[in-house]
Structures are given as structure tokens and as C-alpha cells.
Amino acid sequence: MKLIIAVIKPFKLEEVREKLTEIGVQGLMVSEIKGYGRQGGHTEMYRGAEYVVNYIPKIRLELVVQDNNSLKAIEVISETAKTGKIGDGKVFVLNVEDALRIRTGETGENAI
Amino acid sequence: MKLIIAVIKPFKLEEVREKLTEIGVQGLMVSEIKGYGRQGGHTEMYRGAEYVVNYIPKIRLELVVQDNNSLKAIEVISETAKTGKIGDGKVFVLNVEDALRIRTGETGENAI
Amino acid sequence: MKLIIAVIKPFKLEEVREKLTEIGVQGLMVSEIKGYGRQGGHTEMYRGAEYVVNYIPKIRLELVVQDNNSLKAIEVISETAKTGKIGDGKVFVLNVEDALRIRTGETGENAI
Amino acid sequence: MFKSLKILITTIIACTLTAKALSAEELSSELVSNHTVFILNTLLFLIGGFLVMWMAAGFAMLEAGLVRSKNVTTQLTKNVALFSIAAIAYYLVGYNLMYPGEDGWWLSGYLGPILSIATLDPVGLKGFDELGGYSTGSDFFFQLMFCATTASIVSGTIAERMKLWPFLIFTILLTAFLYPIAASWQWGEGWLYKIGFKDFAGSTLVHAAGASAALAGAIILGPRLGKYKENGTITPMPGSNMPLATLGTFILWLGWFGFNGGSQLALGTIGDAADVSRIFTNTNTAAAGGALAALILTQIMYKKIDLTMVLNGALAGLVSITAEPLAPSIGGATLIGAIGGVIVVFTVPLLDKLKIDDVVGAISVHGVAGIWGTLAVAFSNGGLGAQIIGTASICIFVFLLSLLIWYALDTIMGIRVSEEDELNGLDSSELGMDAYPDFSKS
Amino acid sequence: MFKSLKILITTIIACTLTAKALSAEELSSELVSNHTVFILNTLLFLIGGFLVMWMAAGFAMLEAGLVRSKNVTTQLTKNVALFSIAAIAYYLVGYNLMYPGEDGWWLSGYLGPILSIATLDPVGLKGFDELGGYSTGSDFFFQLMFCATTASIVSGTIAERMKLWPFLIFTILLTAFLYPIAASWQWGEGWLYKIGFKDFAGSTLVHAAGASAALAGAIILGPRLGKYKENGTITPMPGSNMPLATLGTFILWLGWFGFNGGSQLALGTIGDAADVSRIFTNTNTAAAGGALAALILTQIMYKKIDLTMVLNGALAGLVSITAEPLAPSIGGATLIGAIGGVIVVFTVPLLDKLKIDDVVGAISVHGVAGIWGTLAVAFSNGGLGAQIIGTASICIFVFLLSLLIWYALDTIMGIRVSEEDELNGLDSSELGMDAYPDFSKS
Amino acid sequence: MFKSLKILITTIIACTLTAKALSAEELSSELVSNHTVFILNTLLFLIGGFLVMWMAAGFAMLEAGLVRSKNVTTQLTKNVALFSIAAIAYYLVGYNLMYPGEDGWWLSGYLGPILSIATLDPVGLKGFDELGGYSTGSDFFFQLMFCATTASIVSGTIAERMKLWPFLIFTILLTAFLYPIAASWQWGEGWLYKIGFKDFAGSTLVHAAGASAALAGAIILGPRLGKYKENGTITPMPGSNMPLATLGTFILWLGWFGFNGGSQLALGTIGDAADVSRIFTNTNTAAAGGALAALILTQIMYKKIDLTMVLNGALAGLVSITAEPLAPSIGGATLIGAIGGVIVVFTVPLLDKLKIDDVVGAISVHGVAGIWGTLAVAFSNGGLGAQIIGTASICIFVFLLSLLIWYALDTIMGIRVSEEDELNGLDSSELGMDAYPDFSKS
Ligand SMILES: Nc1ncnc2c1ncn2[C@@H]1O[C@H](COP(=O)(O)OP(=O)(O)O)[C@@H](O)[C@H]1O
Ligand SMILES: Nc1ncnc2c1ncn2[C@@H]1O[C@H](COP(=O)(O)OP(=O)(O)O)[C@@H](O)[C@H]1O
Ligand SMILES: Nc1ncnc2c1ncn2[C@@H]1O[C@H](COP(=O)(O)OP(=O)(O)O)[C@@H](O)[C@H]1O
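Protein chains in written order, with numbering that gives the first Met the number 0: chain A, 0 to 111; chain B, 0 to 111; chain C, 0 to 111; chain D, 0 to 441; chain E, 0 to 441; chain F, 0 to 441.
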């Protein structure tokens, strides 16, 4: 199993979720984060003082998928979340050793 | 060392933390997330428009434990967080390559 | 590639980010979490009832770096975030199998 | 608030002055004409009334700030609904039940007419011969707000675990019957009034009465899940929004000038104007005394000031002075308020020890401090006996009937949400609407 | 608000009484002197005026609570700015345009003088011979607040997608010209006044007029991105802060006593005082009726109460009673308000079906309920024809001119932010300032 | 606020009219009787007083909105506490110190009696022979609120780094001694009053005085950690809650009608009523001018509107007009306010350059704009010399004594929290209570 961590633009969340559902993804963890990256760096004024906006609001998705589903999920995310403009985000893939569904006690790929 | 990521129902947090403390877990990262899963999907009304509630508030726990403690921790979480109703959550286990305690500079299992 | 998860004291965020930038780190995910650890445990009063403060506000940083940059990044974080007082936080290192930049479709180390 | 009495006195004074057969110049430069008196009294009711109406917003904000965020929308809904219900129940039943007049009693001194709805003066007072001291509409408006205040007190105590509808049904009964009947004993010139009970603006008639209803509710309902652990420890459940709680307190503080000042019921003589001024000053200083007493006490006892206690202290000061805001000197009023503040700091944990879960401290603030304030009237005005009888009879009457109603509601429809719903928050189960759905950029 | 008429009547009544040649004693004990009348009328305007001013805060809080958090700062900025703009535009142009007097009309009954700025009574009324019924300054202050209210209504509907500056420019035109011209037809004693149209405090002249301008804006602007999906489903975009929305509603509720009560325009006779009291009571009960109607209806229709609808219902009740808050009995007023509440529950989804995106429900609350209230005047006062003509002419006039202005602004500078800016939120693109930048410990 | 003078004039006018030996009818139809004057003046104080009391909530909300969330509870606590302290300190010492009367001075024109506590008229004015122009209680209530306002100004500047208790101790000294002594020079008819200084409602006596105390505090205290970097850059620390800041501004705006309008000190003649109306209008338009000036200026200078500057601008407009809200025309008042708004936009960054860290901009808003407003009186009333002397002497007196007190407090107990406590937030170290503990579902 793989843990896919994706950081995307907030307004893309619904679209990405829908598309992931279509390919059979049944669970997600969604969190709001601040992203630091190339997209930042423009300046704003606050009460006459200039400052650099470093952190941009982003959505972080985490989903655990079966190994053979992982490429498809990554593809779906990268296609759907893409606007072509800077700050579209990243996808990272990590290996998951085990999974467990608390309600049923199922483990492994059945738990996803 | 293992990183255990657990997503649980919010009101179970205290109980799970207490039980984990009892088996010697000394640290946790707790974050509030929105969970998408089987539990969602019921509809609500807002100003006369029907909509599907997809995201349910959940708590995400992250803890790094020694390899030999990992099974016990998973067991404790799954037992304590269980209500038997849909949406109880998941536990995922990932491998951790290294750890470091910032205050002391200790690394590896000593850092946990 | 490595995923570095660091939990630090909130007021250290800016300093750590600046120092990481200096060694070439170009992206970060920042989230606010509540940390449970040795630092907690003091008691407060609320409306006449004593209670234990278990959760302390912390910042969680996640960054994916190239393998050869990982040690330097860990070093920078641990040095900058250190106050020497309890609750300075932890750094955990995980292996990342793949990365992808959504905007360009680049993968692997180029995507970071 | 002995309306008829006041009017009588006002009229007598006016007549006496007239009777002196002053010269025209003296007359016009000294007298306030009957019509002007009427207008000024009416104006006092209207200003007082809109200030007390504003207290509804104060209760809503205070309670929204002191419950956890998962219950905020429900708490707001309860507050808007109870105020609306009070408006209609008091119109249909409460007002005439509370002021039966000489001949309206069903049970003389105890029970007014139930089947009698309120009406207003005709437009432009057309065809109106008899000139009272103020317009009926202004009086109705002002009195209604007191009735609504009583209901507002209840909602805070029983927060975070009671279903919406049983609460609304209770509110109907409270504002149509319970409060008006109890209040009629004094303000309707019933039996309490006859024995010499004194409660200027309602420390007991409004505040302790509301708190008695709340206490009954808290008992039938039981504490929130997890509030009192088996090992005897108490789990604090911190309020979600301190600025809202503080705003609510300031709103109540402001509204209280109308509550107490308007209860002078007259502004048409220089004596009344001076008295209203005394009342404003005393009301303000009692709140200050209550806030500072709680501030100093929490600093000493807990080593850290507890803002929620300071807010409760200010309100307890206000409640304490409400039974007699006119007679005391500024210093006396400060002291009466300060003792109210002290009371709150001690009774809030006491109730917790009794496992009575009062989410916002309303029983301490409105109940215990209200009783203190009513008894304290004896310091300046004597008559401790009547004060005790009055306080006890009102509180017991409202408490027992409330207990009965809550019990009946619980039996019929259940007043408490399910365990799961309580844990998930009432906003999700009762309303399906979060109070703060984003605070994010999605 | 037929100012001159009222004054006349007041004066006539005063004179009649004088003419009765009462004895000195009777005189002084019954009459209210001209000067006292002047002061009391002025005081009514001032109290009414500051209460209506407070409604500006109500609109700001209501709208800040009902937009998503990424647009809150912009919404607040719009509200502060529009109120400030109204103050200056109404002073420079609007006031005299609205009250041309007998000889000031450019186009008799239709268009007052545009190049004429407002002035106040001289300090201390120095050298002032002619004694009106109230001070000009108090009248200006009161009327200005009505003008600002009209503009406040617009900002809520077009939230979350309109650029800041086009909105501000529209506000200038609305408060300097559109509202004053339309209002002059009635309150300036123009042609509508002559045909017997009745709109006591402005259900149509203020509320439906504001809603007409809002509707035109919503049409030109189009709905928010993603609000109406192609498959016909509607995406709810829940408001970010229910306590703010509730606070805003309570503020408006309070302010409305000034809005309707002050519109009696006189407090100098006992009849006026009694009427103002009736108005306060009816205003309050109409709000209660509206809130409860929406509460019960959403419970029945959706199985769960919708707090935002209850808030809208209370406001719709207030709007509905505004055209005639004096004549109805309490029961009648409750009913008129309740129908307002029902209207809102049905028209909000209806507008959604028409793909007209009204973020806070202002078109339903102020527009549809405003029209209902104005037509309902015919129940108590007759003259349905005049009511229909009045309502239609005001709404159509404001709607068409607004449409033109919005269209022109859109052509010249574009009134809508870019798609990306809308998705990221106006606070980031328009202002670069988050409403809640932390809620954290950083 | 030259009380005695006003009353004198009022009385003279009344007497003159009486002296005209009018016929009975004329008399009763024109005169306002002494008693009615008394009641109306008292009413003005009470309405003005409760509106200014409401400003305490405004400051609390404004400051809670402009500090970071980790310091919100502390800021709220300071605001509730300072208002309570002012109530008691002004009663025990301040009031009579401020109004020594002819014979009460310890140091004629400079220092009133310190050991003298305030008392009110007896209940019902029993045994009261001498009829003043208003009730003492209403005057005390009104004046107290001005004293509290002065203290409210300080808390915002020194936010986010000062310990709670030193601030509270400073507040005692400020409200018991500093403000009353300085104010006595003018409003107690001391030396400034004698040289012809004019400050209608206190641009300098209240606002610049408060700002002077704040400036002294900011200097002794030093800036927040990290605010001014060594390389000269300034780190913005955005306020945590824009709706609260906006609400606070609207509350202050509303309260200011009481602040300025009540300072007319009389409502018993038609001239006074008209003047209060002028004041309301001018106060409102000055705020609008200030807000729009800041809005336009930040748009031009920074390319984006800065809401916090717009809010500060509105307040600066209000402060600017406070020294003379009566004489200017509407246009003049708008301009005076607008210049206040411009001042703020320039002085806020200027103070930052001087490394004086004023969290909410109070020194600019209340200090610089207050001085501007006081000097601007010379435009309409002449006497620039007296204006300069008055402004300078008040500001320097309050500033120097405050500096001394802050310094002493710092030496004795330390006024600043530890570095770690500041970084973690005062809510955690000083109070152990988060302002927003959840905003979650736990
Ligand atoms: N190396 C990294 N590790 C973790 N997160 C990253 C990394 N690089 C970028 N991110 C996240 O991805 C987001 C988008 O990256 P950014 O550099 O702004 O633009 P782009 O995705 O177009 O390259 C950032 O806001 C940050 O949260
Ligand atoms: N494959 C997955 N990857 C990540 N998180 C998941 C996954 N499946 C479920 N979750 C998380 O677990 C929570 C509970 O899952 P759900 O399907 O609702 O019920 P259950 O746990 O009873 O199967 C979800 O809200 C979601 O946050
Ligand atoms: N085993 C662990 N797994 C995950 N997070 C941990 C672990 N131990 C500590 N932490 C995190 O690190 C933070 C700091 O740890 P703590 O024990 O308080 O002090 P220190 O870092 O000085 O040892 C905690 O608040 C917690 O969030």
C-alpha cells in the first residue's frame, strides 16, 4: 500500500475528490495547511509596512491506496489539480507497511 | 521505528491518549482534519438547497514508536477508538528511518 | 528522497524557514497541531476546576528533500529550533518513493 | 415597578402643585404639564425597553461564547427563538395575567385571568378620555422585555445537551404562565405586594425566577457527558469564544441601565429624573464592584485571573443591585455588587461539587446573587421577613412547577439528545449547521 | 414620514387646545408647549437616528457572518465605506433632492434640485424666527440613515464576487440620486404622495428599493462560480460565522425601533407618544412572527431548523411591518410579520432556481417581503391601487436605472473579479488582508 | 462642557422669556418650564452616558480584533477591568478632584480636593431646595464615562507585552488622579478655562491625554519582540479578527454621538436641541470623512485599501471633530474629519519608524488627530494661542507623570512579561485561558 500526500490549491479539492472517487478511492484525510514554495514571495502592505507573503493557504490530501491503484491515483490528482500556474502543488508517495480499519479490525489492503 | 497515523472520532481523543500513555507512549501530534469516507454521504439542507455532507470532522494522531511497541500501540488505538459504528477510522503504519530530539540532539529510538 | 517531519515551537517557525531557505530548501508544508509530550502536564484552573494542560500548540513542518540534502536539513532544523527547554520538538525522517510536481508533471528529485 | 402606585403619586404631586394656585409665571416655569409627564414617562419605557431588548443579544453572545463550538449554532437558535416566543406568549396570555388590575383576578392575589390578550392604546389615543401616566403600548413593550429576559436565563444553564424543541415548549409555558403568575404577586399587586415585599426591578422576580427554572432543568437533564468523572474530578469544557462572551457581558451591562432605570417607571418629575440618574450610577458601580471582586478573588485563590469569572462577577453585581438600585449610596451599591461577585466565585465550583452542570453559571449569577440582592434590600429598607417570604415563595413556585414541566417533557418526548449526538455536538445533530464551517480558504 | 403634514397636525392640535381658552391651571397642566414639542420631536429624530445608524453595524456583521471567510474583510470594508459614502453623497446632493419643498422641484413631483447641498440650523438657532416642529439637523441626521440603509441592502446580495471600486461608485450614485429621487416622490410630497400612496417607514421606499438595486446587480454580475452546477444542482456555500450573523440580526432588530418609531416624526403630543409605543410593540412582534414562521416552516419542510432562515425570517418580519407599523393590532402585526417569514423561506430557493445568486437573501428579505408589507397596508388603510402603483413605480425605477449603471460600470471597468481571484477569495486579491489570519499560536 | 456656564445661560434664557410678561396662553405655548428643562438636561446626560459607556465595549472589541489571537483574552480582561476600576476610582477621588467648584481647590486652578468622594442627589430630591439644571447623578454618570474612555485608549497601545497588574495599577492612578487633575484645568474651570482654551468634548482632554499616557507606556515598555528587525524592516503582526475590529469601530462611532452630543450639556431649550442635532450630524460626517480619506489614501499609496487604516481613519475623524463639533458646517466637519484620516495614514508608519510600537494605532488616532482637532478649533473660534497652550500643557502633564509612573512600576515590579511568555502569548502566561480554545469538534 502507498500513502499519497498531495498538496493542492484549495479550490481544486472538490474536483479532485470527485475524480478520485470515480477511480475507486474511498477514503481521504483532508487538512488545511500553509504552503511555502515558489508561489510565495509577493509583497503586501499592512498599516504602512511592507512584508513578504510567504505562506499560501493550501489543502493537503492524504490517501492510502493499494499498490496497483497508486499510479492511477497520482495521475488523477495531477491532472485534475493542474491549472498550469505556479503553486499547483506536489504529490509525494510513501510506502505503507500496514493498515487497519478500526470498526472491523480488518487489516492490510482490506482496511483501505 | 514506526510512524503510526490514526484517524479517529474526535470525542475518542482523550480516551485514546490516556490508554496510549499507559503503555508508555510519551508523545503525540494531534491535528484536526476533515475525513472523507464511507461515513459521509448523508444530505443536509442549507437555505433550501440540498447538499451531501462529504467531510466529517476527525482527529488525526501521529506517533512514532519503537518497532517492538508498534503492535501494542495499534491494538490500543483500535480497541479504544472503536464504537462499532461506521466512521471509526483507520490506522496506518509507516517506517521511520530516523528520529531526533531537538532539545538534546539524541537520535534514533532514544529520541522518541 | 526523504520526508522530514519536524514538530517545533510556533515562534521558531520563521527562523527555521529562513535557515532552510538558505540551504536550498524550496518548499514546505506548515500545519498547526497540538502536541502531547513531556512539556505538558501543568495544571490550570477554569471556573474553579483544576485541570491538566496536555496539549501544547506546536507547528508541524513537512519537507521533502533530496537524499543528500536530508542530513543538512535535519541539522539546520535542530540547531535553529533549539531553545534547550523542554518541548523543543522532534524531527522524524521517512523515505519517499516518488514525487511529482503537478504544474509541470516532473517527477522524482526534479519535482521537489 | 408598582405601576399604579407610581402613577398615583405622580398625579398627586402634579395635582398638589396645581392646587397651590400659583401665578401664571410660576406655574409655567415650574410645573411639568400632565401631557409632558405622560410623554416623558412613555419615553422612559421606550428607551428602557429597547435597552432591555438588547439584552437578548447579550445573552445570545455570552452563551455562544461560553459553549463549545460544536454547540454554538444551536445556542444561537435557542436564543433567537426564545425571544420570539416570549413576544407572542406574553401578548396572548402573560401580560394581562401579570397585571390583572383590581377586578381581573381569578384567585385574588394569586392568579390573574388566563384568557385575555393584550391590547394597545388606539392610534393617536383617539377617543381616549382617561389620561394615565404613560401609554399602554410603552408599558407592554417594557414589561415584555422582562419576561423575555427570564427565559434567556434558562437557555445558558441547560446548553450543550438539551434538545431544541422541549426547550422551546418550556419557554412557551414559562413566558405565558410561570413568570407572569409569579410576577403578578408583586407587580400585579398580588399577595406579596400586600405584605410589603420589595424587589425594584426584579432580582428575584426576573433573575432568581429564571435561575430557578434553569436549576430544575439542570437537575432533570443531568450534567454533560464527561463533565464529572467517577473519581470526583471535574472536566472543564472551556467556552469557545472569549470575545463573544465579553461582548455579551458588555451588552448586558448596557441593557441593564434600561432594566433598572426604566423600572423607576416615571421620568415626569425632577425627582424621578434624579432617581433614574441615581439608578444608572448605582447599576454601573455595582457591575464594576462585582467584576473587580471576582478579579481579585480569582487572582488570590487561583493565582490567575479567570476572565469568565470576571464576566460572571460583573453580571452578578448587576443582578445584586437590581432589587434596590435607588436607595444605596454609590459606595453601598459598589459593595452590594462586590458581594455578588464574591458569591459567584464561590457558588460556581459549589454547584460543580453538587454535580449540577450549569454551562454559563446562570444559577450562580442570576439565582444566588439575585437572592442576595433581594435580601440586601432589608439593609436600606427593612422588612427582612417580607423579603425572605417573597424570595422563597417565588423561587419555590417557579422551581417546583418547572421541575414538573421538565419532568413531563422528559417523559413525553425526552429532553436530552442521544449520547452520540451530544458527543458530536448539537449543531450537527439538531441543526446540521456548523457555527464556523470554514475559517479556511476552501 | 410626511413631515410637513405631521407638523401641521401637531401644530393644529396644539392650537386647538390653546384656543379652548382654558384657565391658567388647566393650561399649564395639560398643554405641551411649542418649545417642548420641538425638543421632543428633535429628540425622537436623534434617538431614532442613532438607532438606525447602528443598523449599519448590523448589516456589516450579518454579511460578514454569511459570506465565506475568504471574503470577510472585503465585505466589512464595503460596509464601512458605503456608510461613509452615503453620509457625504446625501449631504452634497441627496437631502435637498429628496425634499424639494414646494418650489424646489425641477420637474414638479418627479425631480428635485440636484445642485443644492444640505445645511443645518444655525448654532443656537440664532436669529431663527420661524419655529418648525423639530430641528433641521435632527431631520437630516435621521433621513441620512435611511439613505445609508438602502445602500447597505445592496452589498449583501452582490458579495463574494464583485470588485470593491465599482460597488463604491454605484453606492455614490444610489445614495446621491437614485434613492433620493425615488423617495422624493413620496416623502418629498411628489406625485406618489399626491395619489395617496402609503409607506410609513419605507418597506418599499427603502427596502424594496435597495433590493431592486441589488437584483439588478446580481443579474449583471451573475452567480458565484460553482454555485449552480450544470446538472441543475445548487451548491450551498455556508456562511462562515453564525454568531456574527445572529449578532447582526439582533442589531438590526434593535435599530428597527428607531427606523419605524422615529418615522412617526413626532413625540410632542400624548397621541404621538402612544403611537410611537404602538409602533415599537408592533415592530417587535412582527420580527418575532417572522422568525417563528421561518423556524416552524424549515422544521416542517427540511426536518431541521435553518438558523440563517430564522434570521432572515425575523428581518423579513421587520421589513413587512415597516410600511404600516401603527395601524395593526399586535395580533395583526404578528401575522404580517409571519407572512414575511413564510415569504423568505419560499423565495430564497426560488431565486436559486432562477440562478439569481443572492448571498445573504437580501432580495427576498428586503424586496419580496417589502412589497408584501407595502401591499398589506391596503388591509388596514385601503387604497390597493395606489399601493400597487407606488410599489411598482419605485421598484421599476430603481431597478432599471440600477441595471443601466451596473451595465455601464461593467462595460467601463468590469465589475467582477477574475475567476482566480474569486476562487482565492476577495480578501486576498482585493485587499491582501485576511479576516482571521491566525486563530493559531504563531 | 462648561457646566455651570451652560446652566447659567439656560436659566437666563428661561428667565428672560418669563420676564417678557407674556399672556398665559403665550406662556404655556412657548416656554419650557424649569422642571422640564431639568428633566431634559438630565435625560441628555443619561442617554449620552449610556452611549459613551457602550464605547467601552467598542474599545474591547477593536483591540481584541487587532491583537494576535494568543493575546486576545488578556486584552479583553484588561478592558473589562479598566472600566470597572475607572468607575470606582472616579467615584472615590476623581469626580470632585475634577470639579472642585469655587472653593474646593487646594491649589487654585491647578489642583482640586483629593480627599473627597462623590455623592448623588438624595432619593426623590427630598429636601432639595436649590434646583440646578440637571441631576448630579446624571452628570456623575456622564463624566465617569469620559474618564473611563481615557483609560481605554491606553490599553490598546501597550497590548501584547505588558503584564496585567502593572497596567491595572496605572489605570487606578490615571483615572483617580491624572485625568481628573488635567481635566479640572478646563472643565473644572481651572486656569486653562480662564485663558480661554476651548475643547468641547475633549479632543485633547480625553483623547490626546489618553494617548499621552499610552505613548509614555510604549516608550518605557519597548516594542514587541521581533517587531523591528535590526536591518530596519518592520514585521507586521496582523490583527486576528477583522469583524471584531470593525464591530468595535461601529460601536465607538455610535457611542460618539453620546460623547459629543451629550457634551452640549443641555437639551432644555430649542437652541440646545438644535445644537445637539448639529453635533450629531457633524460627528457622523467627520467619521465618514476620516474613513474615506484613509480609504482613498491607502488605495493610492499602497495600491490596496487597508481596512485597519479605514477603521483608524473613521476614529481619527471622530477624535478630530470632538474639540468643536458644533460650530463647523457639515462640509467643514467632513474636512476636519478627513484631515484626521490623512493624519493617521501618515503617522502610523511614522511611529513605526521611530520604533514606537502602538499595537492598535491609538497614539495616532487619539493623540495626533486629537491635537489636530483641538488646534483646528481656532479656525472657527480663533484663539490659536490658548489652543496651543492648552493642548501642550495637558499632553505634557499627562505624558511626564505617566512616564514617571510607568518607570516606577517597571522598577518596582517589572511591567513587561518575560520573552518566553511574550512569544507564547499572554493568554497562556498571564491568564492560562485561550480566547478560541477549540474551533474544532473535540
Ligand atoms: N520540497 C517540498 N516539500 C514539501 N512540500 C513542498 C515542497 N515543495 C513544494 N511543496 C509544497 O507545494 C506547494 C506548491 O509549491 P510551489 O513551489 O509554490 O509551486 P509549484 O507546485 O508550482 O512548484 C507549496 O506551497 C508547498 O506547500
Ligand atoms: N484509504 C484511506 N486513506 C486515508 N484515509 C482514509 C482512507 N479510508 C478512510 N480514511 C479515513 O478514515 C475515516 C473513516 O473512514 P470511513 O470510511 O468513514 O469509515 P470506517 O472507518 O468505518 O470504514 C475517513 O473519514 C477518512 O478520513
Ligand atoms: N513519539 C512521538 N511521536 C510523535 N510526536 C512526538 C513524539 N514525542 C514527542 N512528540 C512531539 O514533540 C513535541 C515535543 O515533545 P516533548 O516531549 O514535549 O518535549 P521534548 O521535545 O523536549 O522532548 C510534543 O508536543 C509532540 O507533539
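Built from N, CA and C at the ideal position, the CB exists for glycine as well.
- Of the heavy atoms belonging to ligand 1, at least one sits nearer than 6 Å to the Cβ of C/G26.
- With a cut-off of 6 Å, the C-beta of C/R37 is classified as near ligand 3, since at least one heavy atom of the ligand falls inside that distance.
- Using a Cβ distance threshold of 7 Å, F/D356 and F/R223 count as a contacting pair.
- The contact set of B/E43 on chain D, defined by CB atoms closer than 8 Å, consists of G431 and M432 in chain order.
- Counted as a single uninterrupted DSSP element, the stretch harbouring B/E108 is not any alpha helix (DSSP H), since DSSP gives it neither H nor E.
- Proximity of the beta carbon of F/R67 to ligand 3 is not indicated: no heavy atom of the ligand is located closer than 6 Å.
- For the C-beta of C/D97, not a single chain B residue is nearer than 8 Å; the gap to the nearest is close to 15 Å.
- Using a CB distance below 8 Å, the part of the region 7 to 30 of chain C facing chain A consists of R16, Q25, G26, L27, M28, V29 and S30, ordered along the chain.
- In this structure, the beta-carbon distance from E/K303 to D/L408 does not fall below 7 Å.
- With a cutoff of 6 Å, B/V15 does not count as near ligand 2, since its C-beta is closer than that to no heavy atom of the ligand.
- Using a cutoff of 6 Å, the CB of C/L60 does not count as near ligand 3, since none of the ligand's heavy atoms is closer than that.
- D/A292 is a Cβ neighbour of D/V341, given a cutoff of 7 Å.
- Apart from the 5 residues on each side of it in sequence, E/S276 has no Cβ closer than 7 Å to any other Cβ in its chain.
- With respect to chain A, the C-beta atom of B/Y50 has no partner C-beta closer than 7 Å.
- Annotated three-state conformation of A/G34 is strand, per DSSP.
- F/R67 is positioned such that its CB atom lies no closer than 7 Å to that of F/L220.
- For D/D271, the enclosing alpha helix (DSSP H) begins and ends at I269 to Y301.
- F/F345 counts as exposed, since fewer than 16 other C-beta atoms from the protein chains shown sit within 10 angstroms of its C-beta.
- Closest by C-alpha distance to E/F396, out of E/K77, E/A208 and E/G260, is E/A208.
- Between B/L60 and B/A5, the C-beta spacing is below 7 Å.
- Minimum Cα-Cα distance from F/M432 among the listed residues D/I404, D/S32, D/M241 and D/N311 corresponds to D/M241.
- Positions of the beta strand (DSSP E) runs, each at least 3 residues long and wholly inside the region 318 to 400 of chain E, cannot be given because no such run exists.
- With a cutoff of 7 Å on beta-carbon distance, E/V359 and E/E62 are scored as near each other.
- Straight-line spacing of the CA atoms in D/G132 and D/G123 works out to 16 Å.
- The beta carbon of D/F44 sits closer than 7 Å to the beta carbons of Y133, S137, D138, F140, F141 and G261 from its chain, once the five residues preceding and following it are set aside; these are given in chain order.
- Collapsing the DSSP output to three states places E/K226 in coil.
- Here F/A59 carries a helix assignment [DSSP, helix/strand/coil].
- Three or more beta-carbon pairs separated by less than 8 Å link the region 365 to 376 of chain D to the region 195 to 214 of chain D, which places the two stretches in contact.
- Look at E/P179 here: in three-state DSSP terms it is helix.
- Along the region 80 to 91 of chain A, the positions whose C-beta sits under 9 Å from a C-beta of chain C are A80, K81, T82, G83, K84, I85, G86, D87, G88, K89, V90 and F91, read in chain order.
- Judged by the Cβ position, D/D351 fails to qualify as a neighbour of ligand 3 at the 6 Å threshold, every heavy atom of the ligand being at least this far.
- Annotated as distal: F/P121 and F/N95, with beta-carbon spacing of 7 Å or more.
- In this structure, the straight-line span from the alpha carbon of D/G57 to that of F/T282 is close to 27 Å.
- Taking a Cβ-Cβ cut-off of 9 Å, the neighbours of A/N94 in chain B comprise L93 and N94, given in sequence order.
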